[in-house]
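**Student:** 14 is the number of the first residue of the sequence shown in the numbering used here; add one for each residue after it. C-beta atoms are modelled at their ideal positions from N, C-alpha and C, and glycine is treated no differently. Note that this is a predicted model, so its numbers are computed, not measured. This is the structure I have questions about; it appears just below.
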Amino acid sequence: MIIRRGIQERSRGYAALASLVLFLLCCMICGCDGLFEQNNAPTENLQMYFPPVSESDAQMEVHIIDVGQGDCALVRGGGANILVDAGENGLGSRVVEYLKSIGVTRLDWVVGSHPHSDHIGGLDTVISKLDVDNIMMPRLPDELVPINQTYTDVLDAVEKKGLQITAAKAGDVFTFGDMAMQVLSPSINSNYSDANDYSVVLRFVCGEFEYLTTGDISSMVEIDIIDNGYDVSADILKLAHHGSYTGTCRSFLNAVDPMYAVIMCGHENDYGHPHDAVMDRIYENKISPIRTDRLGNVKIVCNDGVIDVYALD
Ligand SMILES: [Zn+2]
Numbered sequence: 014m015i016i017r018r019g020i021q022e023r024s025r026g027y028a029a030l031a032s033l034v035l036f037l038l039c040c041m042i043c044g045c046d047g048l049f050e051q052n053n054a055p056t057e058n059l060q061m062y063f064p065p066v067s068e069s070d071a072q073m074e075v076h077i078i079d080v081g082q083g084d085c086a087l088v089r090g091g092g093a094n095i096l097v098d099a100g101e102n103g104l105g106s107r108v109v110e111y112l113k114s115i116g117v118t119r120l121d122w123v124v125g126s127h128p129h130s131d132h133i134g135g136l137d138t139v140i141s142k143l144d145v146d147n148i149m150m151p152r153l154p155d156e157l158v159p160i161n162q163t164y165t166d167v168l169d170a171v172e173k174k175g176l177q178i179t180a181a182k183a184g185d186v187f188t189f190g191d192m193a194m195q196v197l198s199p200s201i202n203s204n205y206s207d208a209n210d211y212s213v214v215l216r217f218v219c220g221e222f223e224y225l226t227t228g229d230i231s232s233m234v235e236i237d238i239i240d241n242g243y244d245v246s247a248d249i250l251k252l253a254h255h256g257s258y259t260g261t262c263r264s265f266l267n268a269v270d271p272m273y274a275v276i277m278c279g280h281e282n283d284y285g286h287p288h289d290a291v292m293d294r295i296y297e298n299k300i301s302p303i304r305t306d307r308l309g310n311v312k313i314v315c316n317d318g319v320i321d322v323y324a325l326d
């Protein structure tokens with residue numbers, strides 16, 4: 014059984030609220046495609062996957078890096094550092110600064126969940142300033158591939174480093190010591206009309222702990238993932254699309270059954286994220302929200318049967 018602990022330090026004047034809440038519970042189209050490598054990695058059957066080492070030794074950290082209205086998280090486990098998204102344009106330096114402050118100068122993987130600026134805007138800076146071993150992004154249909162400076166900047170940074178992009182493919186599993194990174198979406202058969210729905214969905218498994226991150230997918234994709242037979246259960250769920258009503262449907266939330274819901278959104282953002290309908294579901298399911306607009310940077314430590322949450326600012 015995993016014990017949930019509340020936030021250890023708080024900031025921004027939301028201590029009481031947080032405590033209560035926690036307690037209660039391309040170079041344009043062709044150029045860019047050329048940077049995608051042929052993904053020949055063996056696809057394993059996720060249903061057959063078991064974490065490779067004893068649970069008691071496994072430790073995973075998830076650093077939720079506050080980039081305002083955007084996504085950025087670092088997952089550490091099995092000796093690996095994996096960055097998922099890097100916020101808007103201009104925020105890459107903030108991400109690099111944070112990573113260096115915790116001693117991270119090399120990233121095993123950098124994942125761009127999908128090519129929207131609030132997710133990949135800062136990636137070019139991260140890629141150029143740090144040592145990066147691998148890049149993963151979704152391969153979009155031609156008509157959804159963005160033609161803009163943000164995406165071009167990322168592709169240029171990838172090219173300058175002599176890297177190639179690994180196309181996210183549901184079913185792939187990457188292991189790092191005692192941690193596994195499972196790709197749950199998009200699948201080869203995905204056929205969506207919105208780039209958000211091609212977001213890379215990753216489930217990190219480290220011993221008895223799981224972290225599920227969903228980019229900006231809609232509930233249609235959430236249901237597709239369940240229908241495809243993947244185990245989505247997780248202790249910590251990064252809510253899709255900054256807590257928008259377009260995602261986090263009841264069926265998905267019940268299937269994931271998390272203790273914590275991470276919501277990355279800007280303070281008083283223009284979209285009203287997170288939406289009330291989603292927050293109602295969170296509270297009904299007695300899930301503790303972790304909101305960057307209220308807590309800033311947050312470190313989640315999963316170790317020895319306990320999940321500790323630290324607000325760092
Ligand atoms: Zn977004």
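Helix, strand or coil for residue 131, going by three-state DSSP, please let me know.
**Tutor:** Helix, per DSSP.
**Student:** Between residue 83 and the rest of its own chain, which residues show a CB-CB distance below 6 Å, the 5 nearest in sequence each way excluded?
**Tutor:** Only 100, 101, 131 meet the Cβ criterion.
**Student:** Which whole-angstrom value describes the C-beta separation of residue 211 and residue 248, a residue pair presumed to lie in contact below a C-beta threshold of 8 Å?
**Tutor:** In fact, because the Cβ distance is near 26 Å, the residues do not count as touching under 8 Å.
**Student:** Excluding five sequence neighbours on each side, which residues of the same chain lie with their C-beta closer than 6 Å to the C-beta of residue 87?
**Tutor:** Correct list, in chain order: 76, 96.
**Student:** Between which two residues does the alpha helix (DSSP H) carrying residue 165 extend?
**Tutor:** 162 to 173 is the span of the alpha helix (DSSP H), which, as asked, contains residue 165.
**Student:** So what does DSSP say about residue 40, is it helix, strand or coil?
**Tutor:** For residue 40, the pLDDT reaches just 41, beneath the cut-off of 50, and the residue's location in the model is therefore unreliable, leaving the point undetermined.
**Student:** Residue 91: buried (16+ other C-beta within 10 angstroms of its C-beta) or exposed?
**Tutor:** The residue in question, residue 91, is buried, as its Cβ has 16 or more Cβ neighbours within 10 Å.
**Student:** In the structure shown, what three-state DSSP assignment does residue 27 receive?
**Tutor:** Summary for residue 27: the model assigns pLDDT 39, below 50, so the residue's position carries little reliability; its value from the coordinates is reported in the next sentence. If DSSP states are grouped into helix, strand and coil, residue 27 belongs with coil.
**Student:** Flag this pair as touching only if the region 278 to 287 and the region 251 to 265 have three or more C-beta atom pairs under 8 Å; answer yes or no.
**Tutor:** They touch, by the three-pair rule.
**Student:** For residue 210, verify whether its CB is less than 7 Å away from any heavy atom of ligand 1.
**Tutor:** No.
**Student:** Flag this pair as touching only if the region 162 to 173 and the region 213 to 230 have three or more C-beta atom pairs under 8 Å; answer yes or no.
**Tutor:** They do not touch, by the three-pair rule.
**Student:** If I measure Cβ to Cβ from residue 144 and keep anything under 8 Å in the same chain, skipping five residues before and after, which residues do I get?
**Tutor:** So the qualifying residues of the chain are 118, 119, 120.
**Student:** So residue 199 packs on residue 159, CB below 8 Å; how close in whole Å?
**Tutor:** Between residue 159 and residue 199 the Cβ distance is about 16 Å, and since that is not below 8 Å, they are no contact.
**Student:** If distances are taken between C-alpha atoms only, which option among 296, 245, 116, 312 comes closest to residue 79?
**Tutor:** That would be 312, whose Cα lies nearest to the Cα of residue 79.
**Student:** Taking the beta carbon of residue 115 as the centre, do at least 16 other beta carbons fall within 10 Å, making it buried, or is it exposed?
**Tutor:** Flag for residue 115 reads exposed.
**Student:** So if DSSP puts residue 215 in a beta bridge, which residue, or which two residues, is it bridged to?
**Tutor:** Partner(s): 196, 226.
**Student:** With burial defined as no fewer than 16 other Cβ atoms inside 10 Å of the residue's Cβ, what is the status of residue 319: buried or exposed?
**Tutor:** By the neighbour-count rule (16 or more Cβ atoms within 10 Å), residue 319 is not buried but exposed.
**Student:** Which whole-angstrom value describes the C-beta separation of residue 197 and residue 183, a residue pair presumed to lie in contact below a C-beta threshold of 8 Å?
**Tutor:** Indeed, because the Cβ distance is near 6 Å, the residues count as touching under 8 Å.
**Student:** Please go through the same chain and pick out, in chain order, the residues whose beta-carbon is closer than 7 Å to the beta-carbon of residue 263, but skip the five residues on each side of it.
**Tutor:** Counting only Cβ-Cβ distances below 7 Å, and skipping sequence neighbours, we find 294.
**Student:** Of all Cβ atoms in chain C, is any one closer than 8 Å to the Cβ of residue 295?
**Tutor:** The chain labelled as chain C is not found in the depicted structure, where only one protein chain is given.
**Student:** Just verifying my parser: in three-state terms, what is the DSSP assignment at residue 87?
**Tutor:** Correct three-state label for residue 87: strand.
**Student:** Take residue 314 as the anchor and find which of 186, 222, 277, 113 has the nearest alpha-carbon.
**Tutor:** The candidate whose alpha carbon is nearest that of residue 314 is 222.
**Student:** When the Cα atoms are used, what is the spatial distance from residue 276 to residue 308?
**Tutor:** Near 10 Å, if we compare the C-alpha coordinates of residue 308 and residue 276.
**Student:** With residue 305 and residue 278 assumed to form a contact (beta carbons below 8 Å), what rounded beta-carbon distance in angstroms separates them?
**Tutor:** Between residue 278 and residue 305 the Cβ distance is about 6 Å, and since that is below 8 Å, they are a contact.
**Student:** Pull every residue with its beta-carbon under 7 Å away from any heavy atom of ligand 1, and keep them in chain order.
**Tutor:** That query returns the following residues: 83, 84, 129, 131, 132, 229, 254, 255.
**Student:** Go to residue 267, then tell me how far its alpha helix (DSSP H) extends in each direction, as first and last residue.
**Tutor:** Counting along the chain, the alpha helix (DSSP H) containing residue 267 begins and ends at 263 to 269.
**Student:** Note down the Cα distance separating residue 93 from residue 146, rounded to an integer number of angstroms.
**Tutor:** Each residue's Cα considered, the two are about 11 Å apart.
**Student:** Please state whether DSSP places residue 139 in a helix, a strand or coil.
**Tutor:** Helix, per DSSP.
**Student:** Below 8 Å between beta carbons: does that hold for residue 151 and residue 181?
**Tutor:** Yes, Cβ-Cβ distance for residue 151 and residue 181 is below 8 Å.
**Student:** Run through the DSSP bridge pairs and tell me what residue 304 is partnered with.
**Tutor:** Per DSSP, 276.
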